[in-house]
Every structure is written in structure tokens, then in C-alpha cells.
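Q:
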Amino acid sequence: MSLPVRIYTILVFILSLSACVSFNPVPVSDVNFTDRAKTQKENNVRVSVSVLTNEESEAIFGINLALKFIQAVWVEIENNDDHPYWLVSSALDPEYFSPQEVAYSSHRFLQRKYNNQIDEHFNDLSFHNPITAHSTHSGFIFVNLDEDEKELDIDLISKQEIKFFDFYIRIPGLKTHTMAEIEDLYSVDEQIDLTKDELRVQLSKLPCCTTSQDGETNGDALNIVIIGNSSHLFPPFVRRGWHSAEDNYFGSVWKTINSFLFGKHYRYSPVSSLYYEGRKQDIALQKARGTIHQRNHLRLWLTPFRYQGKDVWIGQVSRDIGVRFTTHTPTFTTHKIDADIDETRTAFIEDMLFSQGLETLGFVEGVGLSTHEQPNQNLTGDPYFTDGLRAVLEFDRRPGNIEDVRFFDWATPPHRSVYSK
Numbered sequence: 001m002s003l004p005v006r007i008y009t010i011l012v013f014i015l016s017l018s019a020c021v022s023f024n025p026v027p028v029s030d031v032n033f034t035d036r037a038k039t040q041k042e043n044n045v046r047v048s049v050s051v052l053t054n055e056e057s058e059a060i061f062g063i064n065l066a067l068k069f070i071q072a073v074w075v076e077i078e079n080n081d082d083h084p085y086w087l088v089s090s091a092l093d094p095e096y097f098s099p100q101e102v103a104y105s106s107h108r109f110l111q112r113k114y115n116n117q118i119d120e121h122f123n124d125l126s127f128h129n130p131i132t133a134h135s136t137h138s139g140f141i142f143v144n145l146d147e148d149e150k151e152l153d154i155d156l157i158s159k160q161e162i163k164f165f166d167f168y169i170r171i172p173g174l175k176t177h178t179m180a181e182i183e184d185l186y187s188v189d190e191q192i193d194l195t196k197d198e199l200r201v202q203l204s205k206l207p208c209c210t211t212s213q214d215g216e217t218n219g220d221a222l223n224i225v226i227i228g229n230s231s232h233l234f235p236p237f238v239r240r241g242w243h244s245a246e247d248n249y250f251g252s253v254w255k256t257i258n259s260f261l262f263g264k265h266y267r268y269s270p271v272s273s274l275y276y277e278g279r280k281q282d283i284a285l286q287k288a289r290g291t292i293h294q295r296n297h298l299r300l301w302l303t304p305f306r307y308q309g310k311d312v313w314i315g316q317v318s319r320d321i322g323v324r325f326t327t328h329t330p331t332f333t334t335h336k337i338d339a340d341i342d343e344t345r346t347a348f349i350e351d352m353l354f355s356q357g358l359e360t361l362g363f364v365e366g367v368g369l370s371t372h373e374q375p376n377q378n379l380t381g382d383p384y385f386t387d388g389l390r391a392v393l394e395f396d397r398r399p400g401n402i403e404d405v406r407f408f409d410w411a412t413p414p415h416r417s418v419y420s421k
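All residue numbers for the sequence shown refer to our numbering, where the first residue is 1 and numbers rise by one.
1) In angstroms with no decimal places, state the Cα-to-Cα distance between H363 and V392.
2) Could you name the residues that DSSP lists as bridge partners for W86?
3) Look at L185 and F395 and say whether their C-beta atoms are less than 8 Å apart.
4) Give the single residue among P413, P235, Q202 and E216 whose Cα lies nearest to the Cα of L389.
5) Express the C-alpha separation of S29 and V405 in angstroms, rounding to a whole number.
6) Please return the same chain residues whose Cβ sits closer than 8 Å to the Cβ of F127, not counting the five positions on each side in sequence.
7) If you draw a straight line from the C-alpha of E359 to the C-alpha of H134, how long is it?
8) Assuming contact is defined by CB atoms lying nearer than 8 Å, are A245 and A221 in contact in what I supplied?
9) According to DSSP, is F408 helix, strand or coil?
10) Check for me: the alpha helix (DSSP H) holding A288 runs from which residue to which?
11) Which parts of the segment 131 to 202 are runs of the beta strand (DSSP E), unbroken and 3 residues or longer, counting only runs that do not cross its ends?
12) Can you give the Cα-Cα distance for E151 and R46, rounded to whole angstroms?
13) Closer than 7 Å by C-beta to I182: which residues in its own chain qualify, once you throw out the five before and the five after it? Chain order, please.
14) Let me know if I192 comes out buried or exposed under the rule of 16 or more other beta-carbons within 10 Å of its beta-carbon.
15) Nearest to Q286 by CA position, among D320, P172 and T371, is which residue?
16) Threshold first: 4 residues or longer. Then list the alpha helix (DSSP H) segments lying entirely within the segment 25 to 99, N to C.
17) Pull the bridge partners of A221 from the DSSP assignment, please.
18) If you scan the segment 347 to 415 from start to end, which runs of the beta strand (DSSP E) of 3 or more residues do you find wholly inside it?
19) Return yes when the C-beta of G388 is under 7 Å from any heavy atom of the ligand HEM, and no when it is not.
20) Give me the DSSP bridge partner(s) of W301.
21) Under the rule that 16 or more other beta-carbon atoms within 10 Å means buried, what is Y275, buried or exposed?
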């Protein structure tokens, strides 16, 4: 058989296989994602949203969106006003995906029928503007994948007015702890309500540092205080890209190894346990860069104190800047932290200034001074230095801007001079 004939035979075989491939997604009505939809209403406009699980997305769209780090969000809008609205997709995610972009990413070679079917399917199910007067409109918008929590900003614009709806949704699947779960740690009888002056005194008396599990050795500085209930804190952290760290178990360890060795996408890697009053962190959050080697960590412990009806959390914030060898861990490796923990503290404050949730900011004594020449050390031997202050950040449920932030008139951080001359 000549070469041209062989090539022709192969092409005919491929095309015959292509004709056999069918696209058979599950009807939307057969998937019960609307049962957990969140709903808000403002005057004559009702908005409902639901974030699909990976399994629901694969059933409805016939492809595994999670492998592409894409998440489908269902939006339904009932407009009983006398004018139309337009939904701003970029408010949900500035880097959202168009329906055809997602569909094209799943096209198959030489399978025109299949590709046409998937293009049409995504177009039919997607959300399309406008939402005309006295109508109900629904569809899917495709955003970047989050696996723990998700903020959804539904912004509706018209010639007459603008409406804003904010949703905060916890996504099942990851093995993490939530602030809402921890809030019941102390009974009502154990909680201690403090005035502003009493708050400063008590925060200054808290231990300087985290400890080892036996409490015998000091570790990282307790350099952050957070004031707020879960309803105050969840939205600001989600807005600024902070994600829960998974618990340590085989699955999370395996995902961490994959991320470490092969650069796999994993924003929820577990953190090592640090201890305060004999218990490991109640909550661990992180803000990751493009690599698992570089992350900002925030560990929080609930205290029995309350201020203006809000929980008071003591915490530790640090920045991982790389990986190094150590004899202090079973794996002989650990993350190296930025020794200038005050810079990390400042970066966290600046981040929260843009969270729209920060209400009051201040500083109190309590950590203890250490210098670049005479630093302290954490439990894995990393040095750190600090002016000895811990930042105090109070949050509120009501969104606010930077100019609305007030201050605790307490301690003032000194002029920074990291290296002596």
C-alpha cells in the first residue's frame, strides 16, 4: 500500500470515529443545584445565585471544568421594574471566561459535529443581557475556580439606577475549619466583655509568641489581633484573596507534594501547627503566590474576650519566601519566613484597607522588641525581628472605604530602621 493511500485510509478511519462521538450532557432540570441557592431582594429586583460543584458542572456541561480551573455560577434575576438592567460579568470575576472560550477549550480534533454541539450548548445555557422589564432571566457565568469560599458581586446597571448585591458562599469539599464553627468554643459564661480601655490592657497581656505543643519553647510572634464575628470577617478575607488552609491528611499532603514537585495549582496547602494556650490554630488562612514556596500565612486563635459584641482573635501572620533544609521537621524541609515580620504585618494591614470591611486600626504592645542584630527565632530556627507591637484590626459588616477607617489611639510604631548603621 502506497504512502498516500495509507494516509487517506487513516484519515477516513479518524473521521469515522469522529462521527461516532456524541455530546450528551444531563438536562439542567435534572441537577438540583438551585436547592441551595442564595437569594437577595432590593425593591422590585430579586437575585438568586448558586455555585455549581465540580460534579454538577460536569453533568450539565459534559466536560470537567475543574480540570481547567473554571467554575460555573448560576444567576437568576427577576426584574419587576419598568426598565431593563444589564449584569456586569466582570464584577463577578475581572478574568471571567466567555462561553465560547470555555467551549473551544474542549473542542476535539476533526470532530465538527461534537464541537458544534458543545458551542451551541454553552451558548444556550449562558447568561445573556439584557434583563428586560418585568421578566425573569437566568443562566451561567464562568469564573475562576475557588474551592473553599466565594464572593459573588452581582452588579446591575440601567439608565435609571445601579443595584449591588453581594453574596458569600462556602463551597463544600475541602477539609477545613470555619470561623462560624469556632465561634462556639467559649460558652456565654466564659466570654468576657471589654471596654476600649480594658481591651488595650488585656491585649497587651497576651503571650508574646506561639509555642511548641508542650508549651516549653516560644515560636513565631503573636503580632495580629482581629476583632469580628464570622459575618464580619468572611467577606473581607474572601475579597482580598485569602483562602482556608486544609487540614493535614493524606489527600492534602499528596496535593502539596504534587504542587511542590510539579508546580500543580493548589492554594489550600496545609500549614504547620503552632500553639497558643496548648491548642493549635483554630483557623489557618493563606494568600498564595504562583508557587507553593511563597505564601502569606495567617493563623488565628479565638480568645474569650468580646468587644462591642464581636469576637476577639489573637493571631500570627508571616510570609513564606522559600524552602530550606532543617532538622526540626520529619521531612527535613520547611518554609523560610521573611525575617522582617513587621513588613509582613504592614502588608496585611494594607491588604485589609482595601477589603471594604476594616473599621478601626491600632497597635498595642505585647510581642517584645527584637532587632536585626539580636533576632528571635521561631520553632524551625528562622530568625525574625520586630518593633514589639501587634496590630489590632476591627472589622464591620457594613462595607466602607479607606477614608472611613478610624483608629485606636494607642501605641505608635517607631520609625523603621531595619539595619543599624
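Backbone N, C-alpha and C define an ideal beta-carbon position, used for all residues, glycine too. If you're wondering where the values come from, they're calculated on a predicted model, not measured in any experiment.
A: In short, the structure shows the following:
1) Here residue 363 refers to the residue found at position 363 when the sequence shown is read from its first residue. Here residue 392 refers to the residue found at position 392 when the sequence shown is read from its first residue. It is worth fixing the name first, because residue 363 is Phe in this sequence and not His. A direct Cα-to-Cα measurement between F363 and V392 gives close to 6 Å.
2) Locating residue 86 in the sequence shown gives position 86, counting from the first residue. Answer by DSSP bridge pairing, in chain order: I157.
3) For the purposes of this step, residue 185 is identified with residue 185 of the sequence shown, where counting begins at 1. For the purposes of this step, residue 395 is identified with residue 395 of the sequence shown, where counting begins at 1. Not closer than 8 Å, so no.
4) Within the sequence shown, residue 389 is the residue found at index 389, counting from 1. Distances from the alpha-carbon of L389 to those of P413, P235, Q202 and E216 put P413 closest.
5) By one-based count along the sequence shown, residue 405 stands at place 405. By one-based count along the sequence shown, residue 29 stands at place 29. When rounded, the distance between both Cα atoms is 46 Å.
6) Numbered from 1 along the sequence shown, position 127 holds the residue referred to as residue 127. In chain order, V75, L87, S89, H137, S138, G139, F140 and I141 place their CB closer than 8 Å to the CB of F127, counting only its own chain and leaving out the 5 sequence neighbours on each side.
7) Mapped onto the sequence shown, residue 359 falls at position 359. Mapped onto the sequence shown, residue 134 falls at position 134. Distance from the CA atom of E359 to the CA atom of H134, rounded to whole angstroms, is 39 Å.
8) The residue you call residue 245 lines up with position 245 of the sequence shown. The residue you call residue 221 lines up with position 221 of the sequence shown. Against a cut-off of 8 Å, the Cβ pair of A221 and A245 comes out as no contact.
9) Residue mapping note: residue 408 aligns to position 408 of the sequence shown, counting from 1. In the structure shown, the three-state DSSP call for F408 is coil.
10) Position 288 of the sequence shown holds residue 288. DSSP places A288 outside any alpha helix (DSSP H); the residue lies instead in the beta strand (DSSP E), whose first and last residues are I283 to A288.
11) Listed in chain order, they are 135 to 144, 149 to 157, 162 to 170 and 192 to 194.
12) Stepping through the sequence shown from its first residue, residue 151 is reached at position 151. Stepping through the sequence shown from its first residue, residue 46 is reached at position 46. If you take the alpha carbons of E151 and R46, they lie about 18 Å apart.
13) Mapped onto the sequence shown, residue 182 falls at position 182. If we look at I182 and ignore the five residues flanking it on each side, its Cβ neighbours are D282, I283 and L302.
14) As a first step, residue 192 must be located in the sequence shown, where it is residue number 192. It is exposed - the Cβ of I192 has fewer than 16 other Cβ atoms within 10 Å.
15) Residue numbering aside, residue 286 sits at position 286 when the sequence shown is read from its first letter. Residue D320 is the option with its Cα nearest to Q286.
16) List check, alpha helix (DSSP H) in window: 54 to 61 and 89 to 92.
17) For this step, residue 221 is matched to residue 221 along the sequence shown. The partner list for A221 (beta bridge, DSSP) reads C209.
18) Here the runs fully enclosed are 358 to 365 and 389 to 395.
19) The ligand HEM is absent from the structure shown, which contains no ligands of any kind.
20) Reading the sequence shown from its first residue, position 301 is the one you call residue 301. Bridge pairing for W301: I314 [DSSP].
21) Start at 1 with the first residue of the sequence shown, and residue 275 comes out as number 275. Counting every other CB atom within 10 Å of its CB across the protein chains shown gives Y275 a total of 16 or more, marking it as buried.
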